[in-house]
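Working notes for the structure below.
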Ligand SMILES: [Zn+2]
Ligand SMILES: [Zn+2]
């Protein structure tokens, strides 16, 4: 049996990379006061039709939707924002919780896309939502948060591309201008764009096939309020030394965005250079039946980031110990020492105390352990053990009662001369 096409097992050490990204995220979310909402994987299909939007690629053709045994139309979540909004409304969080309303989520999303390098049908996302603040400071905060996270993950050349889709008024005027511009070109555009032309002409700007044909499309003419908001955001990002640029063709493929939209890119990823994306959605909460509250957020593709980190994160770089046993009557003592080491926080392992010492040492060397602790009947009689440095091949005798202390001091030493969390592996 194999996994389904587009689905996969994430094995160690790759799973360590995912864990590392999640840990870093949680650490930084805590600093910025974002708290976790853990949502269900399965939702009513209507949730995504109403929020993500009927004209989006996601809802049109990418959702895993089915009828369950109770006859309900359900969908494996394709994105996290609609769930956070639903939870915010369901639990009446605007009155039951104290603002600011800042949330994050970490989990699998599902989209039936054509599988290709770095793209899976079940993929991991980490996202944040900041609800209740309409000012450019909240846009700036979430972008700075994203930038800080990517920097702390040691991703190079991060560029934020951003644009403003304006308020309802300037967006409607823009749609009209765009429709007029596209009228003469519509027959030459791809079938998807011909559909979009009727329902959501903005999406045509996103089309990778027709990009060249619409190079001279008009730019959005922001009203003074929207312009001021975007200017202020730009200034805040400049002051924070965020590497960003304005891309007038950036519209994002979701229906609920209003005002600021952005993407984070890294040149390290090559052609598929987008690692995260987001924007404002000031109308979504109200349109879903909640209070009239603005919001802004983003989602990061963990799988993409994991590709970038695969070769440069050195995880579990602490010194590891391997307990090897020589002789039948030493086994219980070895096990006792092993458990005692672990109890005191030493990373220690063993293989098979009943195997020959030679075979255990072979395993120790393969297991990337730094040190072996060898205990035989002779050593026990003397109250000693052998501590062997597996890299250097040196060994010394130490009293058994001192082994925990010795192991801890060896681990300690390393944290001074090695960066424990992140290292280039070259
Ligand atoms: Zn406006
Ligand atoms: Zn097109």
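Numbering (my numbering), first residue to last: 1 to 426.
Glycine included, every Cβ here is placed at the ideal spot set by N, Cα and C.
Quantities reported herein were computed from a predicted structural model and do not represent experimental measurements.
Closer than 7 Å: residues whose CB approaches a heavy atom of ligand 2: 189, 190, 192, 193, 204, 207, 209 and 210
Residue nearest to residue 367 in terms of C-alpha spacing, selected from 323, 376 and 338: Ranking the options by Cα distance to residue 367, first place goes to 323.
Sequence ranges, beta strand (DSSP E) only - wholly within the stretch 86-163, length at least 3: 101-110 and 122-131
Buried versus exposed call for residue 376 [16 or more other C-beta atoms within 10 Å across all chains shown]: buried
Span separating the alpha-carbon of residue 309 from that of residue 96: Rounded to whole angstroms, residue 309 to residue 96 spans 40 Å at the Cα level.
Which of helix, strand or coil DSSP assigns to residue 246: strand
Helix, strand or coil at residue 384 according to DSSP, with G and I counted as helix: strand
Span of the alpha helix (DSSP H) around residue 365: DSSP places residue 365 in the uninterrupted alpha helix (DSSP H) bounded by 357-366.
Nearest-angstrom beta carbon gap, residue 251 and residue 203 [assumed within contact, 8 Å]: Confirmed, Cβ separation roughly 7 Å.
Start and end residues, alpha helix (DSSP H) containing residue 42: Note, residue 42: premise wrong, no alpha helix (DSSP H); beta strand (DSSP E) at 42-44.
Under 7 Å between C-beta atoms of residue 85 and residue 284: yes
Alpha-carbon spacing of residue 393 relative to residue 103, whole angstroms: 51 Å
Check whether residue 291 and residue 94 have beta carbons under 7 Å apart: yes
Segment limits, alpha helix (DSSP H) that includes residue 305: 302-309
Sequence-ordered residues whose beta carbon comes within less than 6 Å of a heavy atom of ligand 4: Although ligand 4 was asked about, the structure shown includes only ligand 1 and ligand 2 as ligands.
Best match in 23, 234, 64 and 321 for proximity to residue 45 [C-alpha to C-alpha]: Per the Cα distances, 64.
Cβ contact check for the stretch 179-186 and the stretch 20-35: 3 or more pairs under 8 Å: no
Where residue 331 sits in the DSSP three-state scheme: helix
Distance, residue 382 Cα to residue 22 Cα: Taking C-alpha positions only, residue 22 is separated from residue 382 by approximately 47 Å.
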